[in-house]
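Listed in order, the protein sequences are those of chains G and B. The opening residue of the first sequence carries number 1 in UniProt numbering; numbering runs sequentially from there. The opening residue of the second sequence carries number 1 in UniProt numbering; numbering runs sequentially from there. Heads up, the beta-carbon is just placed ideally off N, CA and C, and yes, glycines get one too. The block underneath contains the structure these notes are about, expressed in structure tokens.
2 protein chains.
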Amino acid sequence: MRNKITSISPSIIRRLPIYLRLVQELKEQSILTVSSQEMGDHLDLNPAQIRKDLASFGEFGRKGVGYDISYLDWKLRQLLNLDRHIGVALIGAGHLGIALSNYARFQLERITIAAVFDRDPQKIGMQIGTLTVADFNDLTVICQKQDLQMGIIAVPASSAQEVCDALVSAGIRTILNFAPVNLRIGPNVHLRNTDVTTELQALAYYLDQK
Amino acid sequence: MRNKITSISPSIIRRLPIYLRLVQELKEQSILTVSSQEMGDHLDLNPAQIRKDLASFGEFGRKGVGYDISYLDWKLRQLLNLDRHIGVALIGAGHLGIALSNYARFQLERITIAAVFDRDPQKIGMQIGTLTVADFNDLTVICQKQDLQMGIIAVPASSAQEVCDALVSAGIRTILNFAPVNLRIGPNVHLRNTDVTTELQALAYYLDQK
DNA sequence: TAGATTGTTAATCGATTAACAATC
DNA sequence: TAGATTGTTAATCGATTAACAATC
Chain G
1 MRNKITSISP SIIRRLPIYL RLVQELKEQS ILTVSSQEMG DHLDLNPAQI
51 RKDLASFGEF GRKGVGYDIS YLDWKLRQLL NLDRHIGVAL IGAGHLGIAL
101 SNYARFQLER ITIAAVFDRD PQKIGMQIGT LTVADFNDLT VICQKQDLQM
151 GIIAVPASSA QEVCDALVSA GIRTILNFAP VNLRIGPNVH LRNTDVTTEL
201 QALAYYLDQK
Chain B
1 MRNKITSISP SIIRRLPIYL RLVQELKEQS ILTVSSQEMG DHLDLNPAQI
51 RKDLASFGEF GRKGVGYDIS YLDWKLRQLL NLDRHIGVAL IGAGHLGIAL
101 SNYARFQLER ITIAAVFDRD PQKIGMQIGT LTVADFNDLT VICQKQDLQM
151 GIIAVPASSA QEVCDALVSA GIRTILNFAP VNLRIGPNVH LRNTDVTTEL
201 QALAYYLDQK
């Protein structure tokens, strides 16, 4: 159950950062152990689900006691590859790009936006925090030189596919897309979409007076 | 199957905006009908799923032909309440808030960010596009005066719960949260979370060299 | 008519939850 | 020891997909 061949379902993976967040909070409060029941109370999740999720990565709870906070913290970070440094390429130096870049600087410990790209000559050379906006044409060179491993697409929908393809050919296989388009990707690329338009429109369904 | 008592699953609701986006594209290309097969090809979805999703809102396909683009466009907008104007309150005039506000101005037809709020005196009075940042203390008054129906939380995690509570007591029942926290809400509130940190961390799981 | 495609039932798949023996 | 809680199996629930009669 612990080997890498058994692939873990995306639903579980998406809960791991949630668990990590809680564990960090508890750690800050100097709490030493936590039960699945307590975690479930905090996160509005079923304790059985939490136990099952964690158990898919090995046995590290203690019966009658719960989970050791320090170990759980370490384990979750290790699973999420947050025990090492991860460089991110951000494409698009518009408002969203700038917001993301500033946000990431403070929120994301080991994940760092290491380079920002744009195609607009007006934006190339612009300063965002400590970063200088680079030419999108230099994507591959810079990604390889800086060993970047993730990409964030923060460009308009019309150029998102092109940017996506460029990221993939620059060797990046893990992409977070903010543009409202269905991107076409190859089989080894991991893509997550997060799109304000879609979210708001879906929420609008629940408005009254239907 | 068409009445409002049968509640539609969230999975289906979240696909409706995706369908709408495609239908709009096809409409712009002056295409008149589309089959579930064609939609599935475009969206990487199973045609049976698309038919089933749409059928849960009534029968409006034509056997042997497919779906009428104009009608589908109209129907999806109606379902998503996009046939009327929706006013949104945005809380937080930081980089993310500004990015969202600017983004929404262009992308979201009927959904309009109608007011931006902040607690920071430095930001109150600031101009964002055509909007002036209002005092967060005036939330209830302004929401009611302008009949706002949705809220977007774009404040730091530490104040997100407070903002959420304020939105709910201002009568808003539909909230999109960008802060990395598990918000506590009552039973009649619809909340969606979208959080860059969580998304990036989940993606990091898939990086190589595990 | 022949071909295409819907709407819907049944089958499958996957995810969540309940239950409980094992054990700290 | 008695009480608590895990890890895991079995049961349930829900969502996706296959199949096909109905029919345009």
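message: Counting beta carbon pairs with one atom in the segment 11-19 of chain B and one in the segment 186-206 of chain G, are three or more of them shorter than 8 angstroms?
response: A contact exists between the segment 186-206 of chain G and the segment 11-19 of chain B.
- prompt: For residue 53 of chain B, does the three-state DSSP call read helix, strand or coil?
  reply: In the displayed model, residue 53 of chain B falls within a helix according to three-state DSSP.
query: With distances taken from CA atoms, which of G/92, G/178, G/88, G/174 is nearest residue 146 of chain G?
result: For residue 146 of chain G, the closest alpha carbon among the candidates G/92, G/178, G/88, G/174 is that of G/88.
message: Taking only three categories from DSSP, how would you classify residue 188 of chain G?
response: Correct three-state label for residue 188 of chain G: coil.
task: Tell me whether the beta-carbon of residue 175 of chain B lies closer than 8 angstroms to the beta-carbon of residue 153 of chain B.
output: Yes, Cβ-Cβ distance for residue 175 of chain B and residue 153 of chain B is below 8 angstroms.
message: Does residue 62 of chain G come out as helix, strand or coil in the three-state DSSP assignment?
response: Note: residue 62 of chain G maps to strand in three-state DSSP.
Whole-angstrom distance between residue 177 of chain B and residue 219 of chain G, CA atom to CA atom: This structure cannot speak to residue 219 of chain G, because chain G is shown only from 1 to 210.
task: Go to residue 139 of chain B, then tell me how far its alpha helix (DSSP H) extends in each direction, as first and last residue.
output: Segment 139-145, the alpha helix (DSSP H) holding residue 139 of chain B.
message: Looking at chain B, is there any beta carbon in it that lies within less than 8 angstroms of the beta carbon of residue 126 of chain G?
response: Contact of residue 126 of chain G with chain B is not assigned, every C-beta pair being separated by 8 angstroms or more.
field: Span of the beta strand (DSSP E), counted from its first residue to its last, around residue 112 of chain G
entry: DSSP places residue 112 of chain G inside the beta strand (DSSP E), whose first and last residues are 111-118.
- prompt: Touching or not, the segment 49-59 of chain B and the segment 102-115 of chain B, by the rule of three or more beta carbon pairs under 8 angstroms?
  reply: Taking 8 angstroms as the limit for Cβ pairs, the verdict is that the segment 102-115 of chain B does not touch the segment 49-59 of chain B.
Minimum Cβ-Cβ distance from residue 149 of chain G to chain B less than 8 angstroms: Contacts with chain B at 8 angstroms (Cβ-Cβ) include residue 149 of chain G.
- prompt: Can you give the beta carbon distance from residue 110 of chain G to residue 86 of chain G, rounded, assuming they're within the 8 angstroms contact cut?
  reply: With 8 angstroms as the limit, residue 110 of chain G and residue 86 of chain G qualify as a contact, their Cβ atoms being about 6 angstroms apart.
message: Just to confirm, is the Cβ distance from residue 90 of chain B to residue 23 of chain B under 8 angstroms?
response: No, the pair does not count as a contact, with Cβ atoms beyond the cut-off.
Residue 48 of chain B versus residue 60 of chain B: straight-line alpha-carbon distance, rounded: Between the alpha carbons of residue 48 of chain B and residue 60 of chain B lies a distance of about 15 angstroms.
task: Determine the burial state of residue 32 of chain G: buried for a count of at least 16 other Cβ atoms within 10 Å of its Cβ, exposed for fewer.
output: With a threshold of 16 other beta carbon atoms within 10 Å, residue 32 of chain G falls short and is exposed.
message: Quick check: is the beta carbon of residue 165 of chain G nearer than 8 angstroms to any beta carbon in chain B?
response: The C-beta of residue 165 of chain G comes no closer than 8 angstroms to any C-beta of chain B.
- prompt: Is residue 126 of chain B helix, strand or coil by DSSP?
  reply: In this structure, residue 126 of chain B counts as coil in the three-state DSSP scheme.
query: Residues of chain G with CB under 8 angstroms from residue 174 of chain B, in chain order?
result: Near residue 174 of chain B (Cβ distances below 8 angstroms), the residues of chain G are 203, 204, 206, 207.
- prompt: Tell me which same chain residues have a C-beta within less than 7 angstroms of the C-beta of residue 223 of chain G, skipping the five on either side of it?
  reply: Limits of chain G in this structure are 1 at one end and 210 at the other, which puts residue 223 of chain G out of reach.
message: Runs of 3 residues minimum, wholly inside the segment 143-183 of chain G: which ones carry the beta strand (DSSP E) assignment?
response: Within the segment 143-183 of chain G, the beta strand (DSSP E) runs of at least 3 residues that lie entirely inside it are, in chain order, 150-153, 174-177.
message: Quick check on the burial criterion: 16 or more other C-beta atoms within 10 angstroms. Buried or exposed for residue 81 of chain B?
response: By the neighbour-count rule (16 or more Cβ atoms within 10 Å), residue 81 of chain B is buried.
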